[in-house]
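In the working numbering, the protein residues as written are 33 to 268.
Just so you know, even glycine gets a beta-carbon here, dropped at the ideal spot from N, CA and C.
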Amino acid sequence: MIRQLTSLLFALVLIGTASASQRTGMRQTRRMRTCSGQAEYVVNFTNFLTPRRFGRRIPKTGLVYSPLAGASHSNRVSLLTVRSLASPQVEQIAETGQNGRFVALAEHLRDTEQGVKTVAGADGPTMPGNSTTLRFTVDCEHPFITVVGMIAPSPDWLVQVGNVNLVRRGRFISFRRGRLIAYDAGTDDGAEFTSPTDASLDMPSEPQKNIAPLVEDDTDPFNGRFIGVYTIRRVA
């Protein structure tokens, strides 16, 4: 009798384990089987840095976003990561507003099939109160988008969205909206709205610091307020 009961319990355990494995397998299959093809997105940045919103905290002409640049990429590539050191390409954007090095690197990674699918850059700055739109193609292997620009003039302040995943539960999302905040690139210790062309005002950070939200610095002139909004909309 004991042997029969033991055999019955063992069989029930096997059945339960098999059922659990089947459920897990079905969930994994549902997650994996639905991601296919590619999608087109437009990414829109709107600049809120106007005197009407921020008053005397900012220059009376407002602040611009330098020409935005970005890429769609895989998880093997991180063109900008908060809490990590800025690359020379991001440093150039943060301190000068020029995105040539960033675009060149992204295009090289795209052309050599090293994790970048598309690269986009704006023709000009995003003026206070205005918007800029970039277009990207993503697929299941390259579902992430990163876009970055300088808050100008400033020592090394950035506006960015980094490593945004546009695939959720195996499907391309339709729409995403979020607030833009200011980031300190960690490459210059300046705290004033200074012109990036005036080398005499440079205060290089020694040692270089990690990229971090500017609100974590007591010199933040925006007091943690968001400086714009972004939308990511699927168009095809």
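Under 8 Å between C-beta atoms of residue i and residue j
i, j, result
"GLY94", "VAL75", "no"
"ALA268", "ARG115", "no"
"ARG166", "LEU100", "The sequence given here places Leu at residue 166; Arg does not occur at that position. Cβ distance < 8 Å, so LEU166 and LEU100 count as in contact."
"VAL191", "CYS172", "no"
"SER104", "THR169", "yes"
"ASP1", "ASP188", "There is no way to answer for residue 1, as the model of the chain reaches only from 33 to 268."
"ILE177", "ILE264", "yes"
"THR82", "GLY194", "no"
"ARG266", "ALA136", "no"
"LEU141", "GLY147", "yes"
Sequence-distant residues of its chain with Cβ nearer than 6 Å to residue i (five each side left out)
i, result
"ARG203", "THR66"
"GLY181", "TYR97, SER98, LEU100, VAL191"
"THR150", "SER104, PHE168, THR169"
"HIS174", "SER104, HIS105, SER106, LYS149"
"PHE80", "ILE259, GLY260"
"VAL196", "ILE177"
Length of the line joining the Cα atoms of residue i and residue j
i, j, result
"THR113", "THR251", "22 Å"
"GLY260", "PHE77", "7 Å"
"ARG257", "VAL179", "20 Å"
"PHE225", "GLU145", "39 Å"
"ASN107", "GLY210", "21 Å"
"ASP249", "ALA154", "29 Å"
"PHE86", "PHE254", "8 Å"
"LEU246", "ALA223", "10 Å"
"GLY156", "ARG88", "26 Å"
"MET159", "SER186", "15 Å"
"HIS73", "PHE134", "A small correction: the amino acid at residue 73 is Tyr; His does not occupy that position in the sequence shown. Straight-line Cα distance between these residues: approximately 21 Å."
"SER163", "GLU123", "23 Å"
"ALA184", "PHE207", "28 Å"
"TYR262", "ALA152", "16 Å"
Collapsed DSSP secondary structure at residue i in the structure displayed
i, result
"LEU166", "strand"
"LEU137", "helix"
"ALA214", "strand"
"ARG257", "coil"
"VAL247", "helix"
"ASP171", "strand"
"ASP220", "strand"
"ARG266", "strand"
"ARG201", "coil"
"ARG89", "helix"
Residue i: first and last residue of the uninterrupted alpha helix (DSSP H) it sits in
i, result
"PHE86", "83–86"
"GLU123", "120–128"
Run of the beta strand (DSSP E) containing residue i, from where it starts to where it stops
i, result
"VAL193", "189–197"
"ALA103", "101–105"
"VAL180", "176–184"
"PHE77", "70–79"
"GLY153", "148–153"
Residues near residue i in its chain [Cβ-Cβ closer than 8 Å; skip 5 each side]
i, result
"GLN240", "LEU117, ALA118, GLY218, THR219"
"TYR215", "VAL114, TRP189, LEU190, VAL191, GLN192, ILE243, ALA244, PRO245, LEU246"
"GLY129", "SER98, PRO99, PRO157, GLY181, MET182, ALA184, PRO228"
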